[in-house]
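Input: a single structure, listed below in structure tokens.
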Amino acid sequence: MRKQTKIPELTDAISEVIKDLYKESGKALLDVNNEYFSEFGKNLALERYTSTDHNITCSKLFAICDYFEISLSEFFKRVEEKNKLLKFRKDRKGVLVKKAYKDLGN
1 MRKQTKIPEL TDAISEVIKD LYKESGKALL DVNNEYFSEF GKNLALERYT
51 STDHNITCSK LFAICDYFEI SLSEFFKRVE EKNKLLKFRK DRKGVLVKKA
101 YKDLGN
């Protein structure tokens, strides 16, 4: 299986926002996962996405946002606040993507 391309700046910022959301909820990580599982029969797996080892799918991100009652647009605004390099600027177009591909060895 081919290795996934990761943009560390994005992965780190997403992880930080997810950590912020569960801390703002006042619940422990395990409690959030257990509550979600009891309601939906699926694991939210927040511990997986609070580390920077994993890329998150759009569907899982939507589920996390839905659980924490935040829109995807608000989530990504927070992501951009965590790392200003993620906010699009024409003079930096493609820099992070090219770096990620180079780091991957492509």
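Each residue of the sequence shown is one higher than the one before, starting from 1 at the first, in the UniProt record's numbering.
Built from N, CA and C at the ideal position, the CB exists for glycine as well.
Could you check what DSSP says for residue i in three-state terms: helix, strand or coil?
i: D91; result: helix
i: T57; result: coil
i: A45; result: coil
i: T50; result: coil
i: K3; result: coil
i: F68; result: coil
According to the Cβ coordinates, are residue i and residue j closer than 9 Å?
i: K99; j: T50; result: no
i: L21; j: F68; result: yes
i: I70; j: L46; result: no
I'd like the list of long-range same chain contacts for residue i, defined as Cβ closer than 8 Å, with 5 residues on each side in sequence excluded.
i: D12; result: T52, K82 and N83
i: N55; result: Q4, K6 and T11
Can you have a look at residue i and say buried or exposed, based on whether 16 or more other CB atoms are within 10 angstroms of its CB?
i: Y101; result: exposed
i: F37; result: exposed
i: C58; result: exposed
Please return the same chain residues whose Cβ sits closer than 7 Å to the Cβ of residue i, not counting the five positions on each side in sequence.
i: E9; result: N83, L85, L86 and L96
i: V79; result: A13, I14, V17 and L86
In terms of residues, what are the limits of the alpha helix (DSSP H) holding residue i?
i: K23; result: P8 to S25
i: K77; result: L72 to K82
i: L30; result: L29 to F40
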